[in-house]
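Peer 1: This is the structure I want to talk about, given as C-alpha coordinates.
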Amino acid sequence: MGLGVISRAEYEDAELLMACAKSLTTTAMSTAFTDDEIIGPFGELHCVAALPPTPQFDDSDAELLAIAETALPADGALNDGGCP
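Counting from -18, one number per residue, gives the positions in the sequence shown under my numbering.
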(Lines of atoms letter the chains of each structure in order from A and count residues from 1; the text may use other names and numbers.)
(Lines give C-alpha, C1' and ligand atoms only; values in the text may rest on other atoms or scores of the structure.)
Protein backbone atom coordinates (compact mmCIF):
# COMPACT_ATOMS: atom_id res chain seq x y z
CA MET A 1 0.00 0.00 0.00
CA GLY A 2 1.20 3.45 -0.81
CA LEU A 3 0.06 6.83 0.38
CA GLY A 4 -3.60 6.14 -0.40
CA VAL A 5 -6.28 4.38 1.54
CA ILE A 6 -7.03 1.76 -1.13
CA SER A 7 -4.75 -0.71 -2.85
CA ARG A 8 -3.53 -0.39 -6.44
CA ALA A 9 -5.84 -3.23 -7.52
CA GLU A 10 -8.86 -1.49 -5.97
CA TYR A 11 -7.89 1.78 -7.70
CA GLU A 12 -7.57 0.03 -11.07
CA ASP A 13 -10.95 -1.66 -10.55
CA ALA A 14 -12.59 1.67 -9.73
CA GLU A 15 -11.09 3.30 -12.84
CA LEU A 16 -12.25 0.43 -15.05
CA LEU A 17 -15.77 0.47 -13.59
CA MET A 18 -16.05 4.24 -14.10
CA ALA A 19 -14.86 3.86 -17.71
CA CYS A 20 -17.44 1.10 -18.29
CA ALA A 21 -20.21 3.22 -16.78
CA LYS A 22 -19.26 6.19 -18.97
CA SER A 23 -19.16 3.97 -22.05
CA LEU A 24 -22.58 2.52 -21.29
CA THR A 25 -24.18 5.93 -20.73
CA THR A 26 -22.86 7.26 -24.03
CA THR A 27 -23.87 4.17 -26.01
CA ALA A 28 -27.23 4.52 -27.75
CA MET A 29 -27.65 0.79 -28.41
CA SER A 30 -28.97 -1.84 -26.04
CA THR A 31 -26.22 -3.73 -24.24
CA ALA A 32 -26.56 -7.11 -22.54
CA PHE A 33 -24.39 -8.32 -19.68
CA THR A 34 -23.14 -11.13 -21.94
CA ASP A 35 -21.86 -8.78 -24.67
CA ASP A 36 -18.11 -8.83 -25.29
CA GLU A 37 -17.96 -5.11 -24.50
CA ILE A 38 -19.03 -5.97 -20.95
CA ILE A 39 -17.46 -9.37 -20.36
CA GLY A 40 -14.02 -8.26 -21.60
CA PRO A 41 -13.50 -5.45 -19.08
CA PHE A 42 -15.09 -7.47 -16.27
CA GLY A 43 -12.50 -10.16 -16.89
CA GLU A 44 -9.80 -7.60 -16.07
CA LEU A 45 -11.28 -6.67 -12.70
CA HIS A 46 -9.30 -7.82 -9.69
CA CYS A 47 -12.40 -8.00 -7.50
CA VAL A 48 -14.27 -10.48 -9.71
CA ALA A 49 -13.39 -14.15 -9.83
CA ALA A 50 -13.12 -15.80 -13.23
CA LEU A 51 -16.32 -17.16 -14.70
CA PRO A 52 -16.68 -20.91 -14.35
CA PRO A 53 -16.35 -23.00 -17.51
CA THR A 54 -19.46 -23.69 -19.55
CA PRO A 55 -21.15 -26.81 -18.20
CA GLN A 56 -20.93 -29.90 -20.39
CA PHE A 57 -24.26 -31.69 -20.53
CA ASP A 58 -24.64 -35.38 -21.14
CA ASP A 59 -26.61 -35.76 -24.36
CA SER A 60 -27.40 -39.44 -23.82
CA ASP A 61 -30.84 -38.72 -22.30
CA ALA A 62 -32.98 -38.07 -25.38
CA GLU A 63 -36.15 -37.42 -23.35
CA LEU A 64 -34.44 -34.74 -21.25
CA LEU A 65 -33.03 -33.08 -24.37
CA ALA A 66 -36.50 -33.04 -25.96
CA ILE A 67 -37.93 -31.34 -22.87
CA ALA A 68 -35.13 -28.77 -22.81
CA GLU A 69 -35.57 -27.96 -26.51
CA THR A 70 -39.31 -27.35 -26.13
CA ALA A 71 -38.98 -25.41 -22.86
CA LEU A 72 -36.86 -22.60 -24.28
CA PRO A 73 -36.94 -20.80 -27.61
CA ALA A 74 -33.89 -21.12 -29.87
CA ASP A 75 -32.34 -17.90 -28.52
CA GLY A 76 -32.67 -19.15 -24.92
CA ALA A 77 -34.67 -16.11 -23.80
CA LEU A 78 -37.66 -16.43 -21.53
CA ASN A 79 -40.54 -14.14 -22.38
CA ASP A 80 -43.89 -14.89 -20.84
CA GLY A 81 -45.36 -11.61 -22.05
CA GLY A 82 -45.34 -10.12 -18.56
CA CYS A 83 -42.56 -7.63 -19.32
CA PRO A 84 -42.64 -5.05 -22.11
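Idealized CB from N, CA, C, for every residue including glycine.
Predicted, not measured: the structure shown is a model, and the values here were computed from it.
#1: Quick one: grab the DSSP three-state call for Pro22.
#2: Is the region 15 to 23 touching the region -13 to 4 in the sense that three or more CB pairs, one from each, lie closer than 8 Å?
#3: Report yes if the C-beta distance between Glu25 and Leu(-3) is below 8 Å; otherwise report no.
#4: Between Met(-18) and Pro22, what straight-line distance do the alpha-carbon atoms span, to the nearest angstrom?
Peer 2: According to the data block:
#1: By 1-based counting over the sequence shown, the position of residue 22 is 41. Pro22 falls in the helix class under three-state DSSP.
#2: Result yes; three or more Cβ-Cβ pairs closer than 8 Å.
#3: On the sequence shown, residue 25 is found 44 positions in, with the first residue counted as 1. On the sequence shown, residue -3 is found 16 positions in, with the first residue counted as 1. Remark: C-beta atoms of Glu25 and Leu(-3) approach each other more closely than 8 Å.
#4: Numbered from its first residue, the sequence shown carries residue -18 at position 1. Numbered from its first residue, the sequence shown carries residue 22 at position 41. The pLDDT assigned to Met(-18) is 45, lower than 50, so where the model puts this residue is not dependable, and the model offers no usable value.
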